[in-house]
Each structure stands twice: as structure tokens, then as C-alpha cells.
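Engineer: Before I ask anything, here is the structure I am working with.
Numbering (the working numbering), first residue to last: 7 to 145.
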């Protein structure tokens with residue numbers, strides 16, 4: 007009817023993540039797959055493979071929480087490390103540096119699998135160490 011309306015809108019910030027994967031001494035991890043999961047996509051997106059400098063750039067990452075999954079070099083399923091970060095409104099149009107350093111753990115598992123009586127050994131079973139977050143069999 008010819009009336010003018012004013013609408014305030016806000017678009018989420020978009021940033022580029024510069025993800026560097028390095029080992030504990032600081033050397034680059036070359037050939038690791040990198041994936042991100044943000045508030046727009048309901049799945050992990052492949053972002054590429056780390057360069058000789060251990061770097062992958064992920065453009066157009068939307069404002070909000072971001073999960074990063076680093077895969078073992080040469081694998082499309084074995085998770086090397088998981089990390090999280092946050093893209094903020096202040097990051098709009100910027101490149102945000104992220105460093106992911108895969109952790110290593112030493113686990114010693116000892117024990118005896120027994121029948122329900124708690125005494126009779128059961129020698130026909132194997133034990134697997136499974137990471138709960140992604141169900142990767144570690145040993």
C-alpha cells in the first residue's frame with residue numbers, strides 16, 4: 007500500500023581458517039586430511055590435505071563454533087586429532103590461524119577376563135581399545 011518498512015538484518019561473519027597441523031616438537035604434519043563441521047553444514051566437510059608446511063586453508067567458514075577433524079596422512083577414516091575453535095563477528099573477512107597438535111598417549115592395559123564366577127580364565131577373547139568420540143580402534 008505504498009508504505010516504507012525498515013528491517014534490520016544481520017548476516018553471520020565469514021572467515022578463512024588457516025589450519026596448521028604440527029607434531030609436538032613443532033614439525034609440520036604433511037599429507038593429513040582436514041575436515042571442518044560448522045553451524046551451517048550438518049556433516050564434516052573435506053577441506054584438503056596439509057601441504058609441506060602442514061597447512062590447509064578453509065574459506066567461507068561461518069560464524070559460530072567449528073569442529074576440526076584431522077585424519078592420519080594417507081587415510082580417509084583414521085582420526086589423528088579433533089579440535090574446536092570459534093569464528094566471531096570480529097573475524098568477518100579475516101584469516102584466522104589455528105594450530106592443531108595431535109596428542110599421543112601411552113596406555114598400558116593389564117588384567118584377566120574371567121567367567122561370571124570371577125575365577126575361571128577365559129582365554130578365547132580379545133580386548134580392543136576404542137576411542138569413544140569416533141569409535142576408532144586404537145589397539
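Glycine included, every Cβ here is placed at the ideal spot set by N, Cα and C.
For residue 67, is the classification buried or exposed, using 16 other Cβ atoms within 10 angstroms of its Cβ as the cut-off for buried?
Structural biologist: If you number the chain shown from 1, residue 67 lands on position 61. So residue 67 ends up on the buried side.
Engineer: State yes or no: is the C-beta of residue 59 within less than 8 Å of the C-beta of residue 74?
Structural biologist: Start at 1 with the first residue of the chain shown, and residue 59 comes out as number 53. Start at 1 with the first residue of the chain shown, and residue 74 comes out as number 68. Not a contact, by the Cβ cut-off of 8 Å.
Engineer: Is the stretch 84 to 104 in contact with the stretch 14 to 21, if contact means three or more CB pairs nearer than 8 Å?
Structural biologist: The stretch 84 to 104 is in contact with the stretch 14 to 21.
Engineer: Would you mind stating whether residue 56 and residue 34 have Cβ atoms separated by less than 8 Å?
Structural biologist: To locate residue 56, count along the chain shown from 1; it is residue 50. To locate residue 34, count along the chain shown from 1; it is residue 28. Yes, they are a contact pair.
Engineer: Applying the 10 Å Cβ sphere with the 16-neighbour rule, what's the burial state of residue 137?
Structural biologist: Numbered from its first residue, the chain shown carries residue 137 at position 131. Residue 137 is exposed by the Cβ-count criterion.
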